[in-house]
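Residues in the sequence shown are numbered consecutively from 1385, following our numbering. First the structure, in the form of C-alpha cells, and then the observations on it.
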Amino acid sequence: MNVFKLLIDGQLVDGASSIDVINPATGEVFQQAPRADEVQLNTAIEAAKNAFSAWSATAIDYRRELLIKLADAIDARLGEFAKLLTREQGRPIEQAQGEIFFCSYTLRLFAGMELAPKVLKEDDNAKVVEYRQPLGVVATITPWNFPLLMVTNKLAPALLAGNTLVIKPAPTTPLTTLMLGELCADIFPAGVVNTVVDNNDLGGLITSDPDVAKVAFTGSTATGKKVLASSAETLKRLTLELGGNDAALVLDDVDVKAVAAQIYNCSTYNAGQICVAIKRVYVPDALYDEFCNELARLANNSVVGDGFEPGVQVGPLQNKLQFEKVKRLLEDTKKRGNIIAGGEALNRPGYFIAPTIVRDIDDKAKLVAGEQFAPILPVLKYSDLDDALARINATEFGLAGSVWGTDIDRAASVAQRIDSGSVWVNSHMALDPAVPFRGAKQSGLGVELGQEGLYEYTQAKVITVPKNSR
Ligand code: NAD
C-alpha cells in the first residue's frame, strides 16, 4: 500500500487521523488517506499566507516555468495517475488517461497566457492603465467526478497570477490530488501549494477564514449556496461552478442513428457523472420511437464493469451515497415513465447501475427536473419547437445545452434560445480550457478557464497618471 501525505508548508506530512478510500468497482477499502484536523488546516492557510509576498513578487516567466515543470511531471507519471484515478473514481482507464492528459494540457495553456497591463484610455491629459494583481490565498474545493482536472483548472490560473493555494479535494477521491501535491512539493517554494483532506468537515472553516481571499469551488448547487453564505462575512472573491440539468434538443432533420450515438455517449461518459453531461433529451414526435429504440439498443449493448477490464465503457458510480440516491431515483422513475433499457443496479459488488433509457416520462418527474448524475437518460417528446424550448428553459439550472440538426444555421439560431452559459451545436461537453466556461442561473457564479478565467484570480487596479505635472 502506498503512503499518501498532506503537503503543508513545503513538508509532506501525515494527517491527524486517516480516512478509508473505497474502490467503487468493488465497494472495498483499498487505501488510507491522511485526514487533516483544524490545526493542520490553519497551519496550511498560515503557510500559504506567509508564502504569498515572496511568490507574488516573482517574475511571471518564472511562474510559467514552474507550471510547465508541473505539467511535465504529470505527463511523466500519466499512467500511474490514470490507474490511481480509475481505482479511486471508477471510470474506464482510457477515460482516466483523458482526464490526466487534460490536466497537463490546461497547465501548459495557462502558462502561455498574459497578464500584461492594459491601457484603457490615453489622451493629452492622462493615461489610464489597468494592472492585474494577485488576490492572496486561494482555497480550491473540488468534487469527486473529475477529481484532478477540477484542481488543475484552478491551480494553473491561480499560481500564474501569483496567488498561493490551499487545495481540498472531495473525501471520496483524495488520492490523485495528494499525488499532485507530492509533485508540487518538489517544484514550488514551501507554502505556495498546500493540500488538506477532510471528511466533509473542513469546508465551512475554509470558506469563512479571513485569511482566504478567494474560494474557487466546484460542486453541487446546494453546497455552493453554503459557500456563498459562509464567504459573505469577509466578502471573498468566489468562483462557483455548480450543478446542471443540460438538455439536448434534437431537431426534425437529423440522422437518428448518428445523433443518438453521440447523445448516448454524452450522457453516459464517466457513468453520467459530469456537470455538463446530457441529462435529458427532447425529440420531435415524428422521430420519437426510432430515437428511443436506438438509444435503448446502445444502452443494451454497452459494456459495464470495472474500469480496468478491457472494453468497458461505463464504470460504477463513484460512491455509495450517490449509488443509494440513484437507486431511489430509479424506484421513482419506474412509477413515472417507461423504462426501455436497464433500470436496475447490477447484481455484483460495487456501485454499478445498468445504462438506462426512459421514455414517456413527464417533465416534472424527479429524473427530468433534477440532476441524476448517473447513466440514466430520459427521452421527452415534443411537437412544437417553441414549447420544447420553454420546457428546456423551465429550470433553475443553466449550465449548458446542445442543439442537433442537419441544417446548421437553423440549429445555431435555435441555440440562441437556450438559457445556459454554454450551448453547442451538434456536439456536447466540448469543453476547451482556452474558452471561458460559466453557469447561468443557479449553475454558478463567475468564470472558469480562458483568459477571463485567469482574470478571476486577480484584482484589477486602474492607475490614472496625468500627462503634465502641475
Ligand atoms: P458536493 O457539493 O457535495 O461537494 C463538493 C466539495 O465541497 C467537496 O470537496 C466537499 O467536501 C465540499 N464541501 C462539503 N460541504 C461543504 C461546505 N459546507 N462548505 C464548503 N465545502 C463543502 O459535490 P459533489 O457531490 O462532490 O460533486 C457533484 C456535484 O458537482 C454535481 O452537482 C455536479 O454537477 C457538480 N459539478 C459541477 C461542475 C461545474 O464545472 N459546474 C463540474 C463538476 C461537478
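All C-beta atoms in this analysis are idealised placements derived from N, C-alpha and C, irrespective of residue type, glycine included. The model shown is predicted, which means the values in this text are computed figures rather than measured ones.
Residue i beta carbon near the ligand NAD (any heavy atom closer than 7 Å)
i       : result
Ser1604 : yes
Asp1582 : yes
Thr1526 : yes
Glu1708 : no
Pro1820 : no
Pro1555 : yes
Lys1552 : yes
Lys1663 : no
Lys1750 : no
Val1611 : yes
Ser1827 : yes
Phe1486 : no
Thr1652 : no
Met1534 : yes
Asn1629 : no
Gly1399 : no
Cys1568 : no
Cys1676 : no
Asn1578 : no
Leu1783 : yes
Glu1472 : no
Thr1591 : yes
Gly1823 : yes
Phe1530 : yes
Phe1692 : no
Glu1617 : no
Residue i - containing alpha helix (DSSP H), residue span
i       : result
Ser1488 : 1477-1495
Leu1838 : 1834-1839
Arg1471 : 1462-1473
Glu1498 : It is not in any alpha helix (DSSP H) - Glu1498 carries neither H nor E in the DSSP assignment.
Ala1818 : Taken as a continuous stretch (DSSP letters only), Ala1818 belongs to no alpha helix (DSSP H), as it is neither H nor E.
Lys1433 : 1422-1440
Ala1443 : Run containing Ala1443: none; DSSP gives neither H nor E here.
Range of the contiguous beta strand (DSSP E) that encloses residue i
i       : result
Asn1722 : 1722-1725
Ile1403 : 1401-1407
Val1665 : 1664-1668
Lys1389 : First-last for Lys1389: undefined, no H or E at that position.
Pro1518 : 1510-1518
Asn1578 : 1577-1579
Leu1895 : Residue 1895 lies beyond the range of the chain shown here (1385 to 1854); nothing can be said about it.
Glu1412 : 1412-1419
Ala1680 : Careful: Ala1680 lies outside any beta strand (DSSP E), inside the alpha helix (DSSP H) at 1672-1685.
Ser1806 : 1806-1809
Ile1872 : Residue 1872 falls outside the range modelled here, since the chain spans only 1385 to 1854, and no answer is possible.
Nearest-angstrom Cβ-Cβ length linking residue i and residue j, presumed shorter than 8 Å
i       : j       : result
Leu1619 : Tyr1666 : Their Cβ separation, rounded to whole angstroms, is 41 Å, which puts Leu1619 and Tyr1666 out of contact at 8 Å.
Lys1729 : Lys1711 : It is Ala, not Lys, that sits at residue 1729 in the sequence shown. At roughly 6 Å, the Cβ-Cβ gap stays under 8 Å, so Ala1729 and Lys1711 are in contact.
Arg1664 : Leu1764 : 6 Å
Pro1739 : Val1698 : 6 Å
Val1638 : Gly1785 : In fact, because the Cβ distance is near 16 Å, the residues do not count as touching under 8 Å.
Val1596 : Ala1523 : 5 Å
Leu1391 : Ala1613 : Going by Cβ atoms, the distance from Leu1391 to Ala1613 rounds to 29 Å, so no, they are not a contact pair.
Glu1755 : Asn1677 : That belief does not hold up - the Cβ atoms of Glu1755 and Asn1677 are roughly 26 Å apart, past 8 Å.
Gly1362 : Ile1477 : Summary: the structure shown does not reach residue 1362, with the chain confined to residues 1385 through 1854, and so no result is reported for it.
Val1535 : Leu1564 : 6 Å
Ile1590 : Leu1425 : 7 Å
Val1688 : Phe1736 : 6 Å
Glu1832 : Thr1623 : 6 Å
Glu1826 : Leu1626 : Per the sequence shown, the amino acid found at residue 1826 is Gln instead of Glu. Confirmed, Cβ separation roughly 7 Å.
Ile1403 : Asn1649 : The pair is not a contact, with the Cβ atoms about 34 Å apart (cut-off 8 Å).
Closer than 7 Å: residue i CB and nearest the ligand ZN heavy atom
i       : result
Leu1626 : No copy of the ligand ZN occurs in the structure displayed; its ligands are the ligand NAD alone.
Is it the case that the stretch 1404-1424 contacts the stretch 1466-1479, given that we only count it when at least three CB pairs across the two stretches are under 8 Å? A contact exists between the stretch 1466-1479 and the stretch 1404-1424.
Inter-stretch contact (C-beta, 8 Å, three-pair minimum) for the stretch 1597-1604 and the stretch 1521-1533: With the cut-off at 8 Å, the stretch 1597-1604 and the stretch 1521-1533 touch.
In chain order, which continuous runs of the alpha helix (DSSP H) of length 4 or greater are located wholly inside the stretch 1728-1797? Counting only runs of 4 or more, we get 1750-1753, 1769-1777.
Touch check for the stretch 1836-1853 and the stretch 1789-1797: three-plus C-beta pairs under 8 Å? These segments do not touch.
Specify whether the stretch 1435-1444 and the stretch 1567-1575 touch according to this definition: at least 3 beta carbon pairs, one from each stretch, less than 8 Å apart. As far as the Cβ criterion goes, the stretch 1435-1444 touches the stretch 1567-1575, which means the pair count is three or higher.
Is the number of C-beta pairs between the stretch 1752-1768 and the stretch 1669-1678 that are closer than 8 Å three or more? Note that the stretch 1752-1768 touches the stretch 1669-1678; at least 3 beta-carbon pairs, one per stretch, sit closer than 8 Å.
Just checking, does the stretch 1841-1850 make contact with the stretch 1811-1826 on the three C-beta pairs under 8 Å criterion? For the pair of segments examined, the stretch 1841-1850 was found not to touch the stretch 1811-1826: the number of CB pairs separated by less than 8 Å stays below three.
Could you tell me whether the stretch 1553-1561 touches the stretch 1502-1513, where touching means 3 or more Cβ pairs closer than 8 Å? Taking 8 Å as the limit for Cβ pairs, the verdict is that the stretch 1502-1513 does not touch the stretch 1553-1561.
Which ranges does the beta strand (DSSP E) cover as unbroken runs of at least 3 residues, wholly within the stretch 1590-1644, from first to last along the chain? Annotation note: the stretch 1590-1644 contains the following uninterrupted beta strand (DSSP E) runs of length 3 or greater, listed N- to C-terminal: 1596-1602, 1621-1625, 1631-1634.
Residue ranges of each beta strand (DSSP E) run of no fewer than 3 residues wholly in the stretch 1526-1581, ordered along the chain? As for any beta strand (DSSP E) of minimum length 3 sitting wholly inside the stretch 1526-1581, the runs are 1548-1552, 1577-1579, ordered along the chain.
Count the CB pairs spanning the stretch 1412-1430 and the stretch 1393-1401 that are closer than 8 Å, and state whether there are at least three. Remark: three or more beta-carbon pairs, one from each stretch, lie closer than 8 Å, so the stretch 1412-1430 and the stretch 1393-1401 are flagged as touching.
Validate contact between the stretch 1477-1484 and the stretch 1459-1466 using beta carbons, cut 8 Å, 3 pairs: Counting Cβ pairs under 8 Å, three or more are found: they touch.
Is the stretch 1795-1814 touching the stretch 1739-1751 in the sense that three or more CB pairs, one from each, lie closer than 8 Å? Contact between the stretch 1739-1751 and the stretch 1795-1814 is absent, because fewer than three Cβ pairs lie under 8 Å.
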